[in-house]
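Structure first, commentary second.
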Amino acid sequence: CYKILRRVIIKIIIAYPQQALWMFLSVYKSPYTVRVKKCEDVLRSSEIQQEGALCQVISDFRDLFDKLIELGNKANPEKGAAISIKSFLGSLYRLVSSPSFSKVVIPLQKFRTISLPRSTSSYHNPFPEDMVYISGMKEEVVVLASLQKPKKLTFIGTDGKQYPMMCKPNDDLRLDSRMMEFNSIVNMYLQRDAEARDRGLYIRTYSAVPLSDTSGLIEWVPNLVGLRVVITSIYKQTGIAMPARKYKEICCSRNDPLTKKREVFLMKLLPCHPPVLREWYLRQFSHPTSWYLARTSLVRTLSVMSIVGFMLGLGDRHGENILLDSTCGDIVHVDFNCLFNKGERFDWPERVPFRLTHNLVNAMGPTGVEGLYRHSCEITTRVMRQQIDQLMSVVRPFCYDPLVSWNTDKNARDENAEMTNEKALEDIQNIESRLQGIVRTRNRAQSIPLSVEGQVRTLIAEATNIDNLCQMYIGWGPYL
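Counting from 1, position 238 in the sequence shown corresponds to residue 238 in UniProt numbering; the numbering is continuous, with no gaps.
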(Lines of atoms letter the chains of each structure in order from A; the text may use other names.)
(Lines give C-alpha, C1' and ligand atoms only; values in the text may rest on other atoms or scores of the structure.)
Protein backbone atom coordinates (compact mmCIF):
# COMPACT_ATOMS: atom_id res chain seq x y z
CA CYS A 1 0.00 0.00 0.00
CA TYR A 2 2.81 2.43 0.89
CA LYS A 3 4.60 1.67 -2.38
CA ILE A 4 1.47 2.58 -4.36
CA LEU A 5 0.93 5.76 -2.35
CA ARG A 6 4.61 6.65 -2.76
CA ARG A 7 4.39 6.33 -6.54
CA VAL A 8 1.25 8.50 -6.62
CA ILE A 9 2.85 11.24 -4.49
CA ILE A 10 6.00 11.24 -6.62
CA LYS A 11 3.97 11.60 -9.82
CA ILE A 12 1.92 14.45 -8.32
CA ILE A 13 5.06 16.31 -7.19
CA ILE A 14 6.62 15.95 -10.64
CA ALA A 15 3.42 17.00 -12.44
CA TYR A 16 2.29 19.80 -10.10
CA PRO A 17 5.25 20.82 -7.91
CA GLN A 18 3.94 24.32 -7.14
CA GLN A 19 0.76 23.09 -5.47
CA ALA A 20 2.03 19.75 -4.15
CA LEU A 21 5.09 21.10 -2.34
CA TRP A 22 3.11 23.66 -0.35
CA MET A 23 1.15 20.70 1.07
CA PHE A 24 3.87 18.05 1.17
CA LEU A 25 6.58 19.99 3.01
CA SER A 26 4.29 20.77 5.94
CA VAL A 27 4.17 17.01 6.55
CA TYR A 28 7.95 16.90 6.18
CA LYS A 29 8.16 19.36 9.11
CA SER A 30 6.02 17.07 11.28
CA PRO A 31 7.37 15.96 14.70
CA TYR A 32 6.29 12.40 13.85
CA THR A 33 9.52 10.63 12.91
CA VAL A 34 7.73 8.05 10.77
CA ARG A 35 6.25 10.75 8.55
CA VAL A 36 9.56 12.58 8.22
CA LYS A 37 11.30 9.40 7.10
CA LYS A 38 8.58 8.67 4.54
CA CYS A 39 8.85 12.21 3.17
CA GLU A 40 12.63 11.89 2.87
CA ASP A 41 12.14 8.61 1.03
CA VAL A 42 9.86 10.35 -1.48
CA LEU A 43 12.19 13.32 -2.03
CA ARG A 44 15.22 11.04 -2.50
CA SER A 45 13.45 8.83 -5.03
CA SER A 46 15.25 8.27 -8.30
CA GLU A 47 12.31 9.69 -10.27
CA ILE A 48 12.61 13.07 -8.53
CA GLN A 49 16.43 13.08 -8.45
CA GLN A 50 16.46 12.72 -12.24
CA GLU A 51 14.53 15.99 -12.53
CA GLY A 52 17.36 18.49 -12.11
CA ALA A 53 15.22 21.63 -12.25
CA LEU A 54 12.69 20.12 -9.84
CA CYS A 55 15.43 19.36 -7.30
CA GLN A 56 16.35 23.05 -7.24
CA VAL A 57 12.69 24.02 -6.80
CA ILE A 58 12.37 21.58 -3.88
CA SER A 59 15.54 22.97 -2.30
CA ASP A 60 14.25 26.55 -2.55
CA PHE A 61 10.85 25.50 -1.19
CA ARG A 62 12.53 23.90 1.83
CA ASP A 63 14.63 27.00 2.45
CA LEU A 64 11.53 29.19 2.19
CA PHE A 65 9.65 26.99 4.68
CA ASP A 66 12.56 27.15 7.14
CA LYS A 67 12.78 30.94 6.93
CA LEU A 68 9.02 31.48 7.24
CA ILE A 69 8.87 29.20 10.30
CA GLU A 70 11.81 31.11 11.77
CA LEU A 71 10.05 34.41 11.07
CA GLY A 72 6.91 33.26 12.84
CA ASN A 73 8.72 31.91 15.89
CA LYS A 74 11.30 34.66 16.27
CA ALA A 75 11.00 36.81 19.39
CA ASN A 76 8.60 39.64 18.69
CA PRO A 77 8.84 43.37 19.34
CA GLU A 78 5.83 45.34 20.54
CA LYS A 79 2.38 44.57 19.13
CA GLY A 80 1.43 46.84 16.24
CA ALA A 81 5.07 47.65 15.50
CA ALA A 82 6.38 47.88 11.94
CA ILE A 83 9.77 46.22 11.54
CA SER A 84 12.27 45.91 8.71
CA ILE A 85 12.60 42.38 7.43
CA LYS A 86 16.17 43.18 6.35
CA SER A 87 17.26 43.70 9.94
CA PHE A 88 14.79 41.30 11.60
CA LEU A 89 15.41 38.31 9.30
CA GLY A 90 17.58 39.39 6.40
CA SER A 91 18.12 35.82 5.18
CA LEU A 92 14.42 35.55 4.20
CA TYR A 93 14.53 38.84 2.29
CA ARG A 94 17.71 37.82 0.45
CA LEU A 95 16.31 34.37 -0.36
CA VAL A 96 13.14 35.52 -2.13
CA SER A 97 14.86 38.53 -3.77
CA SER A 98 17.71 36.48 -5.21
CA PRO A 99 17.71 36.20 -9.04
CA SER A 100 18.51 32.49 -8.65
CA PHE A 101 15.44 31.83 -6.47
CA SER A 102 13.17 29.30 -8.19
CA LYS A 103 9.65 30.02 -9.37
CA VAL A 104 7.52 29.50 -6.25
CA VAL A 105 3.82 30.22 -6.63
CA ILE A 106 2.23 32.60 -4.13
CA PRO A 107 -0.05 30.29 -2.07
CA LEU A 108 -3.36 32.04 -2.72
CA GLN A 109 -6.58 30.05 -2.66
CA LYS A 110 -7.28 30.63 -6.35
CA PHE A 111 -3.91 29.12 -7.33
CA ARG A 112 -4.42 26.02 -5.18
CA THR A 113 -8.03 25.15 -6.04
CA ILE A 114 -8.50 22.31 -8.53
CA SER A 115 -10.96 22.63 -11.40
CA LEU A 116 -12.32 19.41 -12.87
CA PRO A 117 -12.48 18.89 -16.65
CA ARG A 118 -15.68 20.01 -18.35
CA SER A 119 -15.17 18.07 -21.57
CA THR A 120 -13.62 14.86 -22.91
CA SER A 121 -10.54 16.68 -24.22
CA SER A 122 -7.27 14.86 -23.58
CA TYR A 123 -5.67 18.05 -22.24
CA HIS A 124 -6.80 19.67 -19.03
CA ASN A 125 -4.92 21.93 -16.63
CA PRO A 126 -6.61 21.73 -13.22
CA PHE A 127 -5.00 24.99 -12.07
CA PRO A 128 -5.15 28.54 -13.47
CA GLU A 129 -2.89 29.34 -16.40
CA ASP A 130 -1.96 32.80 -15.11
CA MET A 131 0.00 31.74 -12.01
CA VAL A 132 1.80 34.45 -10.04
CA TYR A 133 5.17 33.62 -8.49
CA ILE A 134 7.22 35.19 -5.71
CA SER A 135 9.72 37.71 -7.07
CA GLY A 136 10.51 39.46 -3.80
CA MET A 137 8.93 40.86 -0.69
CA LYS A 138 8.14 44.21 0.82
CA GLU A 139 10.69 45.32 3.39
CA GLU A 140 8.11 46.32 6.02
CA VAL A 141 6.61 43.60 8.23
CA VAL A 142 3.86 44.47 10.72
CA VAL A 143 3.45 42.69 14.06
CA LEU A 144 -0.30 42.38 14.59
CA ALA A 145 -1.97 43.22 17.89
CA SER A 146 -3.19 39.81 19.01
CA LEU A 147 -2.09 37.32 21.65
CA GLN A 148 0.22 35.27 19.42
CA LYS A 149 1.66 38.35 17.67
CA PRO A 150 1.39 37.07 14.08
CA LYS A 151 3.29 39.00 11.43
CA LYS A 152 1.86 40.51 8.28
CA LEU A 153 4.32 40.21 5.42
CA THR A 154 3.85 41.15 1.78
CA PHE A 155 5.13 39.14 -1.17
CA ILE A 156 5.75 40.91 -4.47
CA GLY A 157 4.46 38.85 -7.38
CA THR A 158 5.86 38.41 -10.85
CA ASP A 159 2.93 40.54 -12.03
CA GLY A 160 4.23 43.48 -9.98
CA LYS A 161 1.34 43.39 -7.50
CA GLN A 162 1.61 43.05 -3.72
CA TYR A 163 0.17 40.00 -1.94
CA PRO A 164 -0.07 40.29 1.86
CA MET A 165 0.00 37.14 3.99
CA MET A 166 -0.13 36.53 7.72
CA CYS A 167 2.60 34.38 9.24
CA LYS A 168 1.05 32.84 12.35
CA PRO A 169 3.11 31.12 15.08
CA ASN A 170 1.97 28.76 17.84
CA ASP A 171 -1.13 27.65 15.97
CA ASP A 172 -1.98 24.48 14.08
CA LEU A 173 -3.44 25.45 10.70
CA ARG A 174 -3.87 21.91 9.38
CA LEU A 175 -7.54 21.82 10.36
CA ASP A 176 -8.07 25.24 8.76
CA SER A 177 -6.42 23.97 5.60
CA ARG A 178 -8.55 20.82 5.54
CA MET A 179 -11.66 22.91 6.19
CA MET A 180 -10.85 25.15 3.22
CA GLU A 181 -10.51 22.04 1.05
CA PHE A 182 -13.91 20.86 2.23
CA ASN A 183 -15.46 24.30 1.63
CA SER A 184 -14.00 24.43 -1.87
CA ILE A 185 -15.61 21.08 -2.67
CA VAL A 186 -18.95 22.28 -1.26
CA ASN A 187 -18.64 25.38 -3.46
CA MET A 188 -18.03 23.16 -6.48
CA TYR A 189 -21.21 21.16 -5.85
CA LEU A 190 -23.22 24.32 -5.15
CA GLN A 191 -22.03 25.73 -8.46
CA ARG A 192 -23.09 22.55 -10.26
CA ASP A 193 -26.58 22.61 -8.77
CA ALA A 194 -28.94 24.75 -10.87
CA GLU A 195 -31.00 26.05 -7.94
CA ALA A 196 -27.97 26.89 -5.81
CA ARG A 197 -26.24 28.51 -8.79
CA ASP A 198 -29.28 30.66 -9.59
CA ARG A 199 -29.28 31.97 -6.02
CA GLY A 200 -25.53 32.54 -5.92
CA LEU A 201 -24.86 30.31 -2.90
CA TYR A 202 -21.21 30.00 -1.92
CA ILE A 203 -18.73 30.00 0.96
CA ARG A 204 -16.04 32.65 1.23
CA THR A 205 -12.72 30.81 1.28
CA TYR A 206 -9.12 31.85 1.77
CA SER A 207 -5.78 30.07 1.74
CA ALA A 208 -4.51 28.48 4.96
CA VAL A 209 -1.08 26.90 4.47
CA PRO A 210 0.45 24.87 7.31
CA LEU A 211 4.23 25.28 7.46
CA SER A 212 4.57 22.86 10.37
CA ASP A 213 2.40 21.52 13.18
CA THR A 214 2.66 24.85 15.01
CA SER A 215 2.89 27.57 12.36
CA GLY A 216 1.51 28.55 8.99
CA LEU A 217 0.60 31.18 6.42
CA ILE A 218 -2.88 32.64 6.02
CA GLU A 219 -4.00 34.61 2.99
CA TRP A 220 -4.72 38.18 4.01
CA VAL A 221 -8.29 39.06 3.07
CA PRO A 222 -8.75 42.86 3.00
CA ASN A 223 -11.74 44.89 4.17
CA LEU A 224 -12.85 42.46 6.89
CA VAL A 225 -14.17 43.59 10.26
CA GLY A 226 -15.25 41.44 13.21
CA LEU A 227 -18.94 41.00 13.96
CA ARG A 228 -18.42 41.92 17.62
CA VAL A 229 -16.45 45.05 16.67
CA VAL A 230 -19.23 46.19 14.34
CA ILE A 231 -22.00 45.71 16.90
CA THR A 232 -20.17 47.09 19.95
CA SER A 233 -18.97 50.16 18.02
CA ILE A 234 -22.58 51.08 17.24
CA TYR A 235 -23.52 50.56 20.88
CA LYS A 236 -20.75 52.97 21.88
CA GLN A 237 -21.81 55.54 19.30
CA THR A 238 -25.38 55.46 20.56
CA GLY A 239 -24.35 55.51 24.22
CA ILE A 240 -25.85 52.16 25.22
CA ALA A 241 -22.64 50.14 25.64
CA MET A 242 -22.58 48.09 28.85
CA PRO A 243 -19.42 48.46 31.00
CA ALA A 244 -17.32 45.32 31.43
CA ARG A 245 -17.85 45.32 35.20
CA LYS A 246 -21.61 45.17 34.62
CA TYR A 247 -21.28 41.85 32.80
CA LYS A 248 -19.44 40.39 35.77
CA GLU A 249 -22.18 41.56 38.11
CA ILE A 250 -25.13 40.10 36.22
CA CYS A 251 -23.76 37.01 34.46
CA CYS A 252 -24.75 33.63 35.82
CA SER A 253 -22.49 30.79 36.83
CA ARG A 254 -22.54 27.53 34.93
CA ASN A 255 -24.48 25.71 37.66
CA ASP A 256 -27.22 28.31 38.14
CA PRO A 257 -30.77 27.05 37.41
CA LEU A 258 -32.20 27.54 33.94
CA THR A 259 -34.93 29.88 35.24
CA LYS A 260 -32.32 32.32 36.56
CA LYS A 261 -30.28 32.18 33.34
CA ARG A 262 -33.40 32.80 31.28
CA GLU A 263 -34.46 35.74 33.45
CA VAL A 264 -31.02 37.41 33.29
CA PHE A 265 -30.86 36.90 29.53
CA LEU A 266 -34.36 38.23 28.79
CA MET A 267 -34.60 40.97 31.42
CA LYS A 268 -31.03 42.29 31.68
CA LEU A 269 -28.89 41.32 28.69
CA LEU A 270 -31.24 41.60 25.71
CA PRO A 271 -32.77 44.99 26.69
CA CYS A 272 -29.26 46.48 26.86
CA HIS A 273 -28.25 44.96 23.51
CA PRO A 274 -30.88 45.79 20.88
CA PRO A 275 -30.29 44.52 17.33
CA VAL A 276 -28.19 47.10 15.46
CA LEU A 277 -26.41 45.13 12.72
CA ARG A 278 -28.94 46.37 10.17
CA GLU A 279 -27.77 49.92 10.97
CA TRP A 280 -24.22 49.03 9.95
CA TYR A 281 -25.45 47.75 6.59
CA LEU A 282 -27.46 50.93 6.05
CA ARG A 283 -24.45 53.11 6.87
CA GLN A 284 -21.90 51.04 4.98
CA PHE A 285 -24.02 50.63 1.85
CA SER A 286 -25.85 53.92 1.42
CA HIS A 287 -27.17 53.34 -2.11
CA PRO A 288 -30.40 51.28 -2.18
CA THR A 289 -29.07 48.82 -4.74
CA SER A 290 -25.73 48.25 -2.98
CA TRP A 291 -27.54 47.87 0.36
CA TYR A 292 -29.94 45.28 -1.05
CA LEU A 293 -27.11 43.30 -2.67
CA ALA A 294 -25.04 43.43 0.53
CA ARG A 295 -27.94 42.23 2.66
CA THR A 296 -28.58 39.42 0.19
CA SER A 297 -24.89 38.45 0.34
CA LEU A 298 -25.10 38.38 4.14
CA VAL A 299 -28.06 35.98 4.07
CA ARG A 300 -26.57 33.71 1.41
CA THR A 301 -23.12 33.32 2.95
CA LEU A 302 -24.56 33.01 6.46
CA SER A 303 -27.03 30.30 5.47
CA VAL A 304 -24.51 28.15 3.60
CA MET A 305 -21.94 28.33 6.38
CA SER A 306 -24.61 27.64 9.01
CA ILE A 307 -25.42 24.29 7.40
CA VAL A 308 -21.82 23.36 6.59
CA GLY A 309 -20.80 24.26 10.14
CA PHE A 310 -23.56 22.11 11.62
CA MET A 311 -22.67 19.12 9.45
CA LEU A 312 -19.04 19.27 10.61
CA GLY A 313 -19.83 20.16 14.21
CA LEU A 314 -18.17 23.58 13.95
CA GLY A 315 -18.27 25.54 17.19
CA ASP A 316 -16.68 28.56 18.87
CA ARG A 317 -18.56 30.94 16.57
CA HIS A 318 -18.12 34.00 18.75
CA GLY A 319 -17.97 37.55 17.42
CA GLU A 320 -14.24 37.49 16.61
CA ASN A 321 -14.49 34.33 14.49
CA ILE A 322 -17.22 35.72 12.23
CA LEU A 323 -16.16 38.63 10.03
CA LEU A 324 -18.04 40.96 7.69
CA ASP A 325 -16.72 42.15 4.34
CA SER A 326 -17.21 45.92 4.31
CA THR A 327 -17.21 46.02 0.49
CA CYS A 328 -19.91 43.45 -0.30
CA GLY A 329 -21.54 42.37 2.99
CA ASP A 330 -20.35 38.75 2.91
CA ILE A 331 -19.94 36.69 6.07
CA VAL A 332 -16.45 35.18 6.41
CA HIS A 333 -15.69 32.52 9.03
CA VAL A 334 -12.20 32.05 10.49
CA ASP A 335 -10.53 29.74 13.02
CA PHE A 336 -11.73 26.18 12.43
CA ASN A 337 -9.99 24.45 15.33
CA CYS A 338 -13.29 23.67 17.06
CA LEU A 339 -14.70 20.95 14.78
CA PHE A 340 -16.54 17.68 15.41
CA ASN A 341 -18.75 19.12 18.17
CA LYS A 342 -15.73 19.88 20.30
CA GLY A 343 -17.67 22.85 21.66
CA GLU A 344 -20.08 20.48 23.42
CA ARG A 345 -17.13 19.24 25.48
CA PHE A 346 -16.07 22.68 26.70
CA ASP A 347 -16.18 23.46 30.41
CA TRP A 348 -19.20 25.60 29.49
CA PRO A 349 -20.76 23.42 26.77
CA GLU A 350 -22.13 24.99 23.60
CA ARG A 351 -25.81 24.33 22.95
CA VAL A 352 -26.63 25.81 19.54
CA PRO A 353 -25.85 24.23 16.15
CA PHE A 354 -24.65 27.56 14.70
CA ARG A 355 -24.76 31.28 15.41
CA LEU A 356 -28.15 32.83 14.64
CA THR A 357 -28.55 35.54 17.28
CA HIS A 358 -31.09 38.37 17.14
CA ASN A 359 -28.65 40.80 15.47
CA LEU A 360 -28.15 38.45 12.53
CA VAL A 361 -31.86 37.69 12.25
CA ASN A 362 -32.77 41.38 12.38
CA ALA A 363 -30.17 42.25 9.71
CA MET A 364 -31.91 39.87 7.27
CA GLY A 365 -34.88 42.22 7.00
CA PRO A 366 -38.58 42.05 7.93
CA THR A 367 -38.93 38.35 7.11
CA GLY A 368 -36.02 37.31 9.33
CA VAL A 369 -35.16 33.64 8.90
CA GLU A 370 -38.14 33.09 6.63
CA GLY A 371 -37.71 33.43 2.91
CA LEU A 372 -34.18 33.61 1.52
CA TYR A 373 -32.33 32.35 4.60
CA ARG A 374 -34.48 29.27 5.17
CA HIS A 375 -34.64 28.41 1.48
CA SER A 376 -30.86 28.81 1.09
CA CYS A 377 -30.35 26.51 4.09
CA GLU A 378 -32.63 23.93 2.50
CA ILE A 379 -30.82 24.07 -0.83
CA THR A 380 -27.42 23.71 0.85
CA THR A 381 -28.67 20.79 2.96
CA ARG A 382 -30.12 19.05 -0.09
CA VAL A 383 -26.91 19.45 -2.11
CA MET A 384 -24.75 18.14 0.73
CA ARG A 385 -27.04 15.18 1.35
CA GLN A 386 -27.01 14.32 -2.36
CA GLN A 387 -23.19 14.36 -2.35
CA ILE A 388 -22.76 12.47 0.92
CA ASP A 389 -20.34 9.88 -0.51
CA GLN A 390 -18.05 12.49 -2.05
CA LEU A 391 -18.07 14.70 1.04
CA MET A 392 -17.42 11.80 3.39
CA SER A 393 -14.43 10.78 1.28
CA VAL A 394 -12.91 14.14 2.21
CA VAL A 395 -13.81 13.83 5.90
CA ARG A 396 -12.81 10.20 6.51
CA PRO A 397 -9.03 10.79 6.24
CA PHE A 398 -9.36 12.73 9.51
CA CYS A 399 -9.56 9.32 11.20
CA TYR A 400 -6.04 8.47 10.14
CA ASP A 401 -4.44 11.83 10.85
CA PRO A 402 -3.54 13.01 14.36
CA LEU A 403 -4.22 16.63 13.44
CA VAL A 404 -7.43 16.83 15.47
CA SER A 405 -5.82 16.87 18.91
CA TRP A 406 -7.18 13.38 19.61
CA ASN A 407 -3.55 12.65 20.51
CA THR A 408 -2.84 14.32 23.82
CA ASP A 409 0.49 12.66 24.51
CA LYS A 410 3.07 15.06 23.12
CA ASN A 411 5.79 12.43 23.50
CA ALA A 412 3.98 9.89 21.33
CA ARG A 413 5.94 10.62 18.18
CA ASP A 414 6.13 7.13 16.73
CA GLU A 415 3.97 4.62 14.90
CA ASN A 416 1.66 4.20 17.89
CA ALA A 417 0.66 7.87 17.61
CA GLU A 418 -0.69 7.19 14.13
CA MET A 419 -3.25 4.59 15.19
CA THR A 420 -6.87 5.28 14.39
CA ASN A 421 -8.65 6.75 17.38
CA GLU A 422 -12.09 5.53 18.44
CA LYS A 423 -13.15 9.10 19.18
CA ALA A 424 -12.24 10.06 15.63
CA LEU A 425 -14.34 7.23 14.22
CA GLU A 426 -17.28 8.28 16.38
CA ASP A 427 -17.05 11.87 15.14
CA ILE A 428 -16.91 10.73 11.52
CA GLN A 429 -20.02 8.61 12.09
CA ASN A 430 -21.80 11.61 13.61
CA ILE A 431 -21.06 13.68 10.50
CA GLU A 432 -22.39 10.91 8.27
CA SER A 433 -25.55 10.73 10.39
CA ARG A 434 -26.14 14.48 10.05
CA LEU A 435 -25.67 14.22 6.29
CA GLN A 436 -28.36 11.52 6.33
CA GLY A 437 -30.85 13.82 8.05
CA ILE A 438 -30.40 12.91 11.71
CA VAL A 439 -30.29 15.81 14.15
CA ARG A 440 -28.35 15.21 17.34
CA THR A 441 -28.17 18.09 19.78
CA ARG A 442 -28.03 18.38 23.55
CA ASN A 443 -31.83 18.60 23.53
CA ARG A 444 -32.35 15.75 21.04
CA ALA A 445 -30.22 12.75 21.92
CA GLN A 446 -31.50 10.73 18.98
CA SER A 447 -33.94 11.15 16.13
CA ILE A 448 -35.01 9.42 12.97
CA PRO A 449 -33.79 10.86 9.65
CA LEU A 450 -35.74 14.00 8.80
CA SER A 451 -36.63 15.52 5.47
CA VAL A 452 -34.50 18.43 4.27
CA GLU A 453 -37.19 20.89 5.35
CA GLY A 454 -37.62 19.15 8.71
CA GLN A 455 -33.90 19.13 9.42
CA VAL A 456 -33.54 22.84 8.60
CA ARG A 457 -36.63 23.73 10.64
CA THR A 458 -35.24 21.88 13.66
CA LEU A 459 -31.81 23.50 13.37
CA ILE A 460 -33.18 27.04 13.09
CA ALA A 461 -35.43 26.40 16.10
CA GLU A 462 -32.47 25.11 18.13
CA ALA A 463 -30.22 28.03 17.09
CA THR A 464 -32.78 30.68 18.09
CA ASN A 465 -34.13 28.93 21.21
CA ILE A 466 -33.90 31.27 24.21
CA ASP A 467 -33.26 28.38 26.59
CA ASN A 468 -30.23 27.40 24.50
CA LEU A 469 -28.90 30.93 24.10
CA CYS A 470 -29.22 31.84 27.77
CA GLN A 471 -27.03 28.85 28.69
CA MET A 472 -24.21 29.80 26.31
CA TYR A 473 -20.95 31.15 27.74
CA ILE A 474 -21.22 34.93 28.05
CA GLY A 475 -17.94 35.42 26.15
CA TRP A 476 -19.61 33.80 23.13
CA GLY A 477 -21.99 36.76 23.07
CA PRO A 478 -25.46 35.17 22.78
CA TYR A 479 -26.94 38.62 23.43
CA LEU A 480 -25.16 40.20 20.42
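Note that beta-carbon positions come from the ideal geometry of N, C-alpha and C, so glycine has one too. None of the values given here were measured: they were computed from a predicted structure.
Residue 2 classed as buried or exposed, judged by whether at least 16 other C-beta atoms fall within 10 angstroms: exposed
Three-state secondary structure (DSSP) of residue 347: coil
CA-to-CA distance, residue 391 to residue 384, given in whole angstroms: 8 Å
Option nearest residue 200 by Cα separation, candidates 380, 396, 452: 380
Contact under 8 Å by Cβ, residue 205 with residue 183: yes
For residue 333, the first and last residue of its enclosing beta strand (DSSP E): 331 to 333
Secondary structure, beta strand (DSSP E): runs of 3+ residues fully inside the stretch 157 to 230: 162 to 169, 208 to 212, 215 to 219, 224 to 226
Contact between the stretch 158 to 165 and the stretch 177 to 197 (3+ Cβ pairs under 8 Å): no
Start and end residues, alpha helix (DSSP H) containing residue 433: 422 to 435
Extent of the continuous alpha helix (DSSP H) run through residue 71: 52 to 73
Counterpart residues of residue 140 in DSSP-defined beta bridges: 84
For residue 373, the three-state DSSP class (helix, strand or coil): helix
Distance CB(residue 219)-CB(residue 148) smaller than 8 Å: no
Residue 91 (DSSP reduced to helix, strand or coil): helix
For residue 122, three-class secondary structure by DSSP: coil
Rounded separation between residue 113 and residue 315 - CA only: 25 Å
Given 8 Å, three or more beta-carbon pairs between the stretch 426 to 433 and the stretch 344 to 363: no
Buried or exposed (CB count within 10 angstroms, at least 16 for buried), residue 417: Low confidence applies here, because residue 417 scores a pLDDT of 46, under 50, leaving its location unreliable and the question unanswered by this model.
Check whether residue 213 and residue 176 have beta carbons under 8 Å apart: no
First and last residue of the uninterrupted alpha helix (DSSP H) at residue 256: Looking at the DSSP string, residue 256 is not in any alpha helix (DSSP H), and its letter there is neither H nor E.
Pairwise C-alpha distance: residue 115 and residue 189: 12 Å
Beta-carbon proximity of residue 466 to residue 265, cut-off 8 Å: yes
Residue 345 versus residue 123 - alpha carbon distance: 49 Å
Cβ-Cβ distance between residue 29 and residue 211 below 8 Å: yes
Simplified DSSP state of residue 135, which is helix, strand or coil: strand
Rounded C-alpha distance that separates residue 9 from residue 35: 13 Å
Exposure label - residue 448; buried when at least 16 CB within 10 Å: exposed
With 16 other Cβ atoms within 10 Å as the buried cut-off, status of residue 288: exposed
Top-ranked residue by Cα proximity to residue 460, from 7, 370, 271: 370
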